[in-house]
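Report on the structure given below.
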Amino acid sequence: MSTAHYDVHGNVAVIRLDNPPVNGLGLALRQGIVNGIRQAESDEAVKAVILIGSDRAFSGGADISEFGTDKAMTQPVLPTVINYVESSRKPVIAAISGACMGGGLELALGCHYRIAKPDAQIALPEVKLGLLPGAGGTQRLPRVIGAEHALNMIVSGSVVPAKQFKGSALFDEIVDGELFDAAVAYATKVVSENLPLKKVRDLKARHPNPEGFFMFTRNTVGAMAKNYPAPLKCVDAVHAAVTMPFDKGMEVEREAFVNLMQTPESRALRHAFFSERLTSKIADVPSDTPVRDVKSVGVIGGGTMGTGISINFLNAGIPVTLVEMKQEGLDRGVAAIQKVYEGRVKKGRMSEDDAKAKMALLTPSLTYDDLSDVDLVIEAVFEEMGVKQSVFEKLDEVCKPGAILASNTSTLDLNKIASFTKRPGDVIGLHFFSPANIMKLLEVVRGEKTAKDVLATAMKLAKAIRKTAVVSGVCDGFIGNRMINQYQREALLMLEEGASVQQIDKAIEKFGFAMGPLRMADLAGGDIGWAIRKRQYEENPDMVKMVVADRLCEMGRYGQKTGAGFYRYEPGNRNALPDPEVDKVVEEVRAELGITPRKISNQEIVERCVYALVNEGAQILDEGIAQRASDIDMVYLTGYGFPVFRGGPMHYAEEVGLPNVVRAMQAFTEDRHTQPGFWEPAALLAKRAEEGKGFDSK
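Its first residue numbered 1, the sequence shown is counted upward by one per residue in the UniProt record's numbering.
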């Protein structure tokens with residue numbers, strides 16, 4: 001159970017925070033701190049108090065396991081704890097190492113003195129959850145480091161090493177040696193020299209030109225914050241610290257905090273925060289499941305995807321053998337990896353020695369035989385089942401027993417791929433997103449026979465290469481591409497019905513997507529979607545054909561790679577330019593299909609595209625392809641540019657209200673151009689809407 005351990009060293013009481021891993025300020029720990037202060041005050045032999053955490057963390061702030069529970073608001077809440085510390089009749093010294101963030105920093109600011117290790121991590125990151133510091137952070141930090149530095153930290157949520165604050169009132173001493181010994185020595189000094197009980201609240205937060213500075217800052221932050229209300233509220237609170245008495249400033253901070261807690265943007269950001277932590281939990285795979293050692297990796301395919309995948313492992317210090325069939329392709333792949341590292345060196349993001357060390361981990365090869373001793377192989381070859389079959393049959397021959405065989409397929413049947421081997425339990429899908437060395441999402445596809453330890457290994461490995469891994473079952477397109485197929489389908493149908501290419505993309509981008517569906521298709525490559533559609537047309541003859549998209553591909557317009565798709569592109573420029581040729585194709589298709597174009601509102605564009613995602617997501621959830629609705633949201637937040645401030649498609653639907661989503665879908669069925677049954681609400685969506693519950697409700 002989390003608590004605070006109390007003991008006495010000479011005339012100094014020590015309250016040691018103990019709530020691993022980062023000393024989150026849960027109820028038991030808060031109670032322990034208050035009880036420790038009381039005990040120290042009642043003991044005449046105690047002359048000073050030290051608050052200290054572990055080497056890893058003084059405190060990382062609130063205990064996230066208590067969010068949304070009664071414990072979070074049970075006294076003593078953090079402001080009460082800080083009041084006990086600050087009003088103590090005996091000096092309280094915070095001894096800080098590791099993480100000192102959020103409420104942890106606010107607690108330290110309530111102490112009379114603070115000493116820290118130079119590499120302690122200092123931050124007030126609440127803005128990343130759509131909030132601001134709610135226990136005095138916006139009022140105390142400006143008083144010790146100045147309004148401008150404090151505001152930069154609070155608005156950005158960035159982490160700063162303690163040594164950067166040397167000489168400021170934030171820290172009384174930066175210590176290089178043993179922190180506990182230094183804390184006892186400092187406490188002894190405070191007592192022997194009868195130093196005063198310094199309260200940060202009594203200091204003045206100053207700026208030479210507050211009105212000019214805050215006017216400029218509001219304009220700058222407002223332009224950057226756009227859909228996020230928290231940064232401007234941070235400006236208001238720090239402004240109050242400079243212009244108002246401490247208690248009045250605290251009222252401004254508290255009111256802003258309470259208001260922000262109720263905003264949909266904060267709810268979305270908090271949902272994303274917790275959802276990311278849930279993705280690693282797999283119902284039937286315990287956290288203590290043994291994992292396989294992965295000390296070397298093979299990657300088959302030196303194209304864009306294969307090189308991006310390789311870079312992930314090289315960055316993590318894991319040797320990679322890159323296999324290509326022809327020397328020209330292999331040379332091109334190695335050069336692409338080299339170029340990425342040279343670019344990082346040029347931008348000052350890594351040293352030349354580090355880049356050389358990473359490249360030294362890469363072994364280029366023209367033979368599968370060099371994969372005989374690797375622990376994991378990932379194929380990134382052409383998306384065609386016959387090609388995958390030849391690769392996996394060869395891997396089954398050459399790879400050692402226990403090696404994990406992974407496919408980067410984005411749509412194909414992993415169970416069929418696994419059947420090409422005599423070891424289907426060792427086969428898993430690792431679907432990276434392009435560019436693979438940058439995009440955070442990794443879909444981990446679990447086949448029918450994938451062994452639990454293989455799945456556990458993949459999830460652990462994802463953390464090592466800094467990916468957000470989401471488990472998916474096997475279906476056409478898995479989670480992300482199966483859903484995006486419906487989203488783009490609606491965009492293409494509305495193009496036929498009367499909307500323009502530009503209107504569709506602008507409506508979706510105004511909603512908050514990084515890129516509209518047609519610009520995204522041009523970026524991904526129209527030929528990829530066309531190949532998938534042709535396969536689907538063959539498998540499902542009743543499927544409505546995407547005539548405009550198919551016609552553009554027949555013309556060789558594959559998007560940015562060919563200089564023309566739904567837009568045109570000038571050499572060396574990725575700007576999407578309107579193209580009358582596309583308008584002409586759209587008009588021809590409308591005439592062929594007998595469609596009289598109608599005016600389509602931006603609202604309809606957004607609802608049809610987004611609700612198509614939601615309905616397919618509900619079906620995926622009901623089929624057990626995804627473990628939970630929040631996993632689907634993480635796929636879309638980290639892999640498809642869904643606006644973070646809306647929390648993902650499933651969370652957004654719950655914010656809108658599932659009954660309202662169902663009602664809108666029922667209206668769409670009246671459109672004669674839609675495929676019969678397409679807008680029939682998925683069974684789970686209809687059920688949850690009827691019950692008035694969320695997707696993940698029991």
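We treat Cβ as the ideally placed atom computed from N, Cα and C, and that holds for glycine.
Could you pull the start and end residues of the alpha helix (DSSP H) that residue i belongs to?
i, result
"His149", "Ala147 to Ser156"
"His112", "Careful: His112 lies outside any alpha helix (DSSP H) and carries neither H nor E."
"Phe513", "Segment: none, Phe513 is in no alpha helix (DSSP H) and carries neither H nor E."
"Gln121", "Here Gln121 belongs to no alpha helix (DSSP H); instead the beta strand (DSSP E) covers Gln121 to Ala123."
"Thr243", "Ala230 to Thr243"
"Leu414", "Leu414 to Ala418"
"Phe392", "Met385 to Val398"
"Val547", "Val547 to Glu554"
"residue 702", "Because the chain in this structure spans residues 1 to 698, residue 702 falls outside the shown range and cannot be described."
"residue 727", "The structure shown does not extend to residue 727, since the chain is modelled only from 1 through 698, so no value can be given for it."
"Tyr368", "Neither: Tyr368 is in no alpha helix (DSSP H) and is coded neither H nor E."
"Ile484", "Gly480 to Glu497"
Compute the beta-carbon to beta-carbon distance between residue i and residue j, rounded to the nearest angstrom, for a pair I have assumed lies under 8 Å.
i, j, result
"Leu124", "Gly137", "5 Å"
"Val427", "Gly447", "6 Å"
"Leu414", "Val474", "5 Å"
"Leu577", "Tyr567", "6 Å"
"Ala230", "Ala205", "Their Cβ separation, rounded to whole angstroms, is 20 Å, which puts Ala230 and Ala205 out of contact at 8 Å."
"Ala135", "Glu106", "4 Å"
"Gly512", "Asn227", "6 Å"
"Val22", "Ala99", "5 Å"
"Ile311", "Val340", "6 Å"
"Glu616", "Arg423", "Between Arg423 and Glu616 the Cβ distance is about 33 Å, and since that is not below 8 Å, they are no contact."
"Val12", "Val184", "6 Å"
Tell me the residue span of the beta strand (DSSP E) that contains residue i.
i, result
"Asp18", "Val12 to Asp18"
"His207", "That residue, His207, is in no beta strand (DSSP E); it is neither H nor E in DSSP."
"Val377", "Leu376 to Glu379"
Once DSSP output is grouped into helix, strand and coil, what is the label at residue i?
i, result
"Arg349", "coil"
"Tyr567", "coil"
"Pro643", "coil"
"Ala403", "coil"
"Leu362", "strand"
"Pro435", "coil"
"Asp633", "helix"
"Ala48", "strand"
"Glu41", "helix"
"Val175", "coil"
"Leu577", "strand"
"Val77", "coil"
"Val662", "helix"
"Gly529", "helix"
"Pro142", "helix"
"Ala626", "strand"
"Pro196", "coil"
"Gly694", "coil"
"Ala682", "coil"
"Gly137", "helix"
"Leu544", "Per the sequence shown, residue 544 should be read as Val rather than Leu. Of the three classes helix, strand and coil, the one that applies to Val544 here is coil, per DSSP."
"Val474", "coil"
"Gly32", "helix"
"Lys534", "helix"
"Lys166", "coil"
"Ser65", "helix"
"Arg423", "coil"
"Gly343", "helix"
"Asn23", "coil"
Opposite residue i in the DSSP bridges: which residues?
i, result
"Cys100", "Ser59 and Ile122"
"Thr468", "Leu441"
"His651", "BP columns for His651 are empty, so no partner."
"Gln3", "A quick correction: the sequence has Thr, not Gln, at residue 3. According to DSSP, which records beta bridges pairwise, Thr3 is partnered with Asp18."
"Leu430", "Val444"
"Val160", "Ile122"
"Gly559", "Ala564"
"Ala95", "Ile52 and Ile115"
"Val8", "Ala13"
- Item | Ranges of the beta strand (DSSP E) found wholly within the stretch 246 to 329, counting only runs of at least 3 | 297 to 300 and 320 to 323
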